[in-house]
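Remarks on the structure that follows.
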Amino acid sequence: MHHRTSRRTLLTATAATAVAAATGVVAVPGAAQASGTSTDSRLKRLIARMSLEEKVGQLFVMRVYGHSATAPDQADIDANLDEIGVRTAAELISTYHVGGIIYFTWAHNTRDPHQIADLSNGIQRAGLAQPTPVPLLVSTDQEHGIVCRVGEPATLLPGAMALGAGGSRSDTREAARIAGAELAALGIKQNYAPDADVNVNPANPVIGVRSFGSDPQSVAGLVTAQVKGYQGAGVASTAKHFPGHGDTSTDSHTGLPSILHTRQEWAELDAPPFRAAVAAGIDSIMTAHIVVPALDPSEDPATLSRPILTGILREELGYDGVVVTDSLGMEGVRTKYGDERVPVLALQAGVDQLLNPPDLSVAWNAVLEAVRSGEITEARIEESILRILRLKSRLGLFRDPYVTHRGVDRTVGTREHLTAADRVAERTTTLLAHPGRLLPLSRRTHRDVLVVGADPASPSGTTGPPTTTLADAFRELGFTATALPTGTAPSQATIDQAVAAAAGRDAVVVATYNVTAASSQRTLVGALAATGVPVITLAIRNPYDIAHLAGTGYAASLAAYSWTDVELRAAVRVIAGRARPKGRLPVPVQRADVPAQTLYPVGHGLSY
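Throughout the sequence shown, residue numbering follows my numbering, covering 98 to 705 in sequence.
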């Protein structure tokens with residue numbers, strides 16, 4: 098009998114042959130999972146074959162535009178030429194020998210599952226076509242919730258604070274296992290999740306619902322659960338943002354935040370989730386572009402701080418895995434030093450992977466020159482390269498870096514995964530207040546529902562808009578529902594339009610988004626409640642909105658923690674009584690008029 102050789106077998110054989118040619122060792126199945134002296138000696142032989150340029154390249158993880166590694170659209174070729182000086186991902190790899198590539202939605206890397214798999218395979222072929230063949234580590238930010246690069250038809254899951262509200266370590270682990278399995282099927286083997294920050298500042302503009310909550314021990318437990326889930330799926334997880342980004346009112350994308358915790362406060366508040374991640378065998382840890390004077394009096398950002406990354410993370414916490422910077426294009430790391438000094442200082446501080454520099458040529462040549470001049474020893478960068486290659490080996494990339502469409506179809510967006518996501522999401526929706534005793538909403542008495550509110554852009558570009566998703570979910574449950582987007586800052590004319598649309602309705606649902614004391618969203622809720630039609634508010638991002646809605650006359654107020662479809666559909670099922678509200682606040686909500694007083698404590702949540 099003749100058997101057709103599968104494309105995957107051919108690709109695997111090619112990868113194994115390339116690795117064998119580079120290292121002198123045949124990469125037989127299972128060998129890449131080995132640990133200890135034999136693996137290290139094999140990897141050190143591979144490093145010894147690299148030129149200095151190839152070694153420097155292994156330290157970089159870079160963005161690249163396009164849906165294909167070799168044939169992107171012309172607009173993406175133009176963007177690559179403008180920003181990187183290359184045309185394609187394959188040319189980026191052959192020119193700079195980068196060790197990894199990060200996928201973004203806006204870079205057109207994540208159109209659909211088969212395309213993503215093909216892009217990943219093209220990247221790996223380019224890596225193995227180099228003079229010293231090395232597979233690449235493909236990464237992305239797939240936190241779920243409000244930070245999500247791969248969208249539908251992949252499974253979308255509740256984000257960290259929603260999982261914190263659910264409070265279930267098994268749900269949290271399962272969410273990571275599903276997320277990891279789907280990423281691995283797409284060829285994405287490093288995920289920049291979970292967020293290990295402890296969010297204690299309601300005004301935090303960059304973390305917020307990306308955190309599991311405000312209690313260090315609860316966050317530590319959920320971080321551990323996600324690390325185990327990702328490990329079970331064969332994907333590297335990344336605890337971020339060390340040493341802790343949870344107490345800042347400055348966004349490190351646009352400025353340099355300072356964390357004013359004492360050393361003792363840091364040890365009690367910020368450190369536990371990272372300690373837990375290290376104990377769980379975390380694969381990589383991402384640095385924060387923040388200043389923590391109590392940990393480093395020089396006030397260098399943590400990404401560039403040897404006392405923080407080597408003194409605390411490596412020596413005190415005992416971590417010897419991969420350390421990756423947050424994006425080097427963020428203002429927080431560029432404020433104090435120029436772009437040519439940042440990568441050099443990061444390596445001297447103890448970093449292994451340099452993520453997404455604004456100008457790769459400047460950064461790559463700066464590191465190359467630092468090694469040639471002796472400012473950084475070649476032995477120092479080889480330490481980082483060995484950590485990176487160990488990770489690639491553990492992930493099986495030397496054994497088989499390729500993925501298949503069949504594997505995608507078996508894994509990504511399966512009915513089993515989608516059903517699990519819905520069930521997990523139902524256990525996260527939080528009923529914060531219920532003065533009107535309106536819920537669960539009955540089709541017999543409150544069939545006609547108007548949905549108004551904010552329509553923030555989909556995190557992945559594939560879901561929403563939220564008001565439409567909410568209205569659709571009500572209709573699927575037998576209600577009559579109409580969507581009327583009113584935005585995050587409705588004008589008086591828009592408020593008047595919503596009030597007119599509410600006439601004769603049985604209920605109004607208002608999707609709120611980061612309400613403040615001066616927000617006209619508050620005016621909208623009050624005007625709608627004044628009509629006598631029962632108003633239900635649903636916070637689709639931060640749960641703190643309710644503090645600014647006091648006195649508006651709402652009948653019920655809930656928190657969904659994100660505006661992707663899975664959370665919104667779950668919230669509708671809770672409102673309609675198809676599921677009971679089980680979520681409990683993972684952060685306290687302070688009074689808007691007296692912030693020193695707690696309106697709703699951690700653990701608050703109503704049911705019916």
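Think of the CB as a built atom: it goes at the ideal place given N, C-alpha and C, for glycine as much as any other residue.
Bear in mind the structure is a predicted one, so any value in this text is a computation, not a measurement.
Pick helix, strand or coil for Leu283, following the three-state DSSP scheme.
As a first step, residue 283 must be located in the sequence shown, where it is residue number 186. Here Leu283 sits in coil by DSSP.
Endpoints, beta strand (DSSP E) assigned at Met258
Counting from one through the sequence shown, the residue named residue 258 turns up at place 161. Not the beta strand (DSSP E): Met258 falls in the alpha helix (DSSP H), residues Ala257 to Gly263.
Of all the options Tyr193, Trp203, Val505 and Lys152, which has the alpha carbon lying nearest to the alpha carbon of Gly277?
Here residue 277 corresponds to residue number 180 of the sequence shown, with the count starting at 1. Answer by Cα proximity: Val505.
Using only the alpha-carbon positions, how far apart do Leu423 and Val235 sit?
Sequence index remark: in the sequence shown, residue 423 carries index 326 (1-based). Sequence index remark: in the sequence shown, residue 235 carries index 138 (1-based). According to the sequence as given, residue 423 is Asp; it is not Leu. Their Cα atoms are separated by approximately 15 Å.
In terms of residues, what are the limits of the beta strand (DSSP E) holding Ala647?
Within the sequence shown, numbered from 1, the residue matching residue 647 stands at position 550. Taken as a continuous stretch (DSSP letters only), Ala647 belongs to no beta strand (DSSP E), as it is neither H nor E.
Write down every uninterrupted run of the beta strand (DSSP E) in the region 536-581 whose length is 3 residues or greater and which is fully enclosed by it, in chain order.
Taking only runs of at least 3 residues, the beta strand (DSSP E) segments lying wholly in the region 536-581 are 545-550.
When DSSP labels each residue in this structure, what does Ile387 get in the three-state scheme?
By one-based count along the sequence shown, residue 387 stands at place 290. Three-state result, Ile387: coil.
Between the alpha carbons of Gln287 and Gly329, how many angstroms are there, rounded?
Residue numbering aside, residue 287 sits at position 190 when the sequence shown is read from its first letter. Residue numbering aside, residue 329 sits at position 232 when the sequence shown is read from its first letter. Each residue's alpha carbon lies about 13 Å from the other.
Does Trp461 pass the burial test, meaning 16 or more other C-beta atoms within 10 Å, or should it be called exposed?
If you number the sequence shown from 1, residue 461 lands on position 364. Answer is buried; the Cβ neighbour count reaches 16.
Could you check the C-alpha separation between Asp690 and Pro587 for me, to the nearest Å?
To locate residue 690, count along the sequence shown from 1; it is residue 593. To locate residue 587, count along the sequence shown from 1; it is residue 490. Approximately 23 Å between the Cα atoms of the pair.
Nearest-angstrom Cβ-Cβ length linking Leu143 and Leu492, presumed shorter than 8 Å:
Translated into positions along the sequence shown, residue 143 becomes position 46. Translated into positions along the sequence shown, residue 492 becomes position 395. So it is not a contact: roughly 15 Å between Cβ atoms.
Quick check on the burial criterion: 16 or more other C-beta atoms within 10 angstroms. Buried or exposed for Asp175?
Here residue 175 refers to the residue found at position 78 when the sequence shown is read from its first residue. Looking at its Cβ environment, which holds fewer than 16 other Cβ atoms inside 10 Å, Asp175 is exposed.
CA-CA distance, Thr577 and Phe571?
Against the sequence shown, residue 577 aligns to sequence position 480. Against the sequence shown, residue 571 aligns to sequence position 474. If you take the alpha carbons of Thr577 and Phe571, they lie about 7 Å apart.
My output table needs one value for His241: the three-state DSSP class, helix, strand or coil.
Here residue 241 refers to the residue found at position 144 when the sequence shown is read from its first residue. Three-state DSSP puts His241 in a strand.
Just to confirm the assignment, what range does the beta strand (DSSP E) spanning Val607 have?
Here residue 607 corresponds to residue number 510 of the sequence shown, with the count starting at 1. Per DSSP, Val607 belongs to the beta strand (DSSP E) from Ala604 to Thr609.
Does Ser706 pass the burial test, meaning 16 or more other C-beta atoms within 10 Å, or should it be called exposed?
For residue 706 there is no data in the structure shown, the boundaries of the chain being 98 and 705.
In this structure, how does DSSP classify Ser481 when only helix, strand and coil are distinguished?
The sequence position of residue 481 within the sequence shown is 384, counting from 1. Ser481: helix per DSSP, three-state reduction.
Enclosing alpha helix (DSSP H) for Ile220 [first to last residue]:
Position 123 of the sequence shown holds residue 220. It spans Pro210 to Leu225 - the alpha helix (DSSP H) in which Ile220 sits, taken as one unbroken run.
Can you find at least 3 beta carbon pairs, one from the region 364-373 and one from the region 300-316, that sit closer than 8 Å?
yes
Per DSSP, Asn288 is paired with what?
Walking along the sequence shown from the start, residue 288 turns up at place 191. For Asn288, which the question treats as bridged, DSSP gives the partners Thr237.
Quick one, are the C-beta atoms of Ala710 and Thr508 less than 9 Å apart?
The shown model of the chain, from 98 to 705, leaves out residue 710, and the question about it has no answer.
Can you say whether Ala129 is buried or exposed, counting buried as having 16 or more other CB atoms within 10 angstroms of its CB?
The sequence position of residue 129 within the sequence shown is 32, counting from 1. Because the pLDDT of Ala129 is 34, which lies under 50, any placement of that residue in the model is unreliable, and the number read from its coordinates should be weighed accordingly. Classification of Ala129: buried, given that the 10 Å Cβ count is 16 or more.
List the residues that DSSP assigns as beta-bridge partners of Ala204.
The sequence position of residue 204 within the sequence shown is 107, counting from 1. Looking at the DSSP output, Ala204 sits in no beta bridge, so it has no partner there.
Rounded distance between the beta-carbons of Gly533 and Ala652, thought under 8 Å:
Here residue 652 corresponds to residue number 555 of the sequence shown, with the count starting at 1. Here residue 533 corresponds to residue number 436 of the sequence shown, with the count starting at 1. At roughly 3 Å, the Cβ-Cβ gap stays under 8 Å, so Ala652 and Gly533 are in contact.
How would you call Gln694, buried or exposed, if buried means at least 16 neighbouring beta carbons within 10 angstroms?
On the sequence shown, position 597 is the one that residue 694 refers to. Looking at its Cβ environment, which holds fewer than 16 other Cβ atoms inside 10 Å, Gln694 is exposed.
What's the gap between the Cα of Asp344 and the Cα of Glu664?
One-based indexing of the sequence shown puts residue 344 at position 247. One-based indexing of the sequence shown puts residue 664 at position 567. Looking at the two C-alpha atoms, the distance is approximately 26 Å.
Who are the near neighbours of Arg666 in its chain, counting only those whose CB is closer than 8 Å to its CB and skipping five residues on each side?
Looking up residue 666 in the sequence shown gives position 569. Correct list, in chain order: Asp519, Ala522, Thr566 and Ala570.
What residue does the alpha helix (DSSP H) around Ser191 start on, and which one ends it?
Locating residue 191 in the sequence shown gives position 94, where the first residue counts as 1. Taken as a continuous stretch (DSSP letters only), the alpha helix (DSSP H) holding Ser191 covers Ala186 to Tyr193.
N- and C-terminal bounds of the alpha helix (DSSP H) containing Val464:
The sequence position of residue 464 within the sequence shown is 367, counting from 1. Per DSSP, Val464 belongs to the alpha helix (DSSP H) from Leu457 to Ser470.
Report yes if the C-beta of Glu472 is less than 8 Å from at least one heavy atom of the ligand MG; otherwise report no.
Summarising the ligand content, the structure contains no ligands, and the ligand MG is consequently not present.
Return the bridge partner residues of Ile199 from the DSSP annotation.
Numbered from its first residue, the sequence shown carries residue 199 at position 102. For Ile199, DSSP records a beta bridge to Ser236.
Beta carbon of Arg274 nearer than 9 Å to that of Asp292
Translated into positions along the sequence shown, residue 274 becomes position 177. Translated into positions along the sequence shown, residue 292 becomes position 195. No, these two residues do not count as a Cβ contact at 9 Å.
How would you label Gln361, buried or exposed, when you count the other beta carbons within 10 angstroms and need 16 or more for buried?
To locate residue 361, count along the sequence shown from 1; it is residue 264. That one is exposed.
Where Phe157 sits in the DSSP three-state scheme:
Translated into the one-based positions of the sequence shown, residue 157 becomes position 60. Of the three classes helix, strand and coil, the one that applies to Phe157 here is strand, per DSSP.
Look at the alpha carbon of Gly242 and the alpha carbon of Gly680, and state the distance between them as a whole number of angstroms.
Here residue 242 is taken as the residue at index 145 of the sequence shown, counted from 1. Here residue 680 is taken as the residue at index 583 of the sequence shown, counted from 1. Whole-angstrom Cα-Cα distance: 16 Å.
Per-residue burial, Pro553 [other beta carbons within 10 Å of its own, 16 or more giving buried]:
Position 456 of the sequence shown, counted from the first residue, corresponds to residue 553. Buried, since its Cβ has 16 or more Cβ neighbours within 10 Å.
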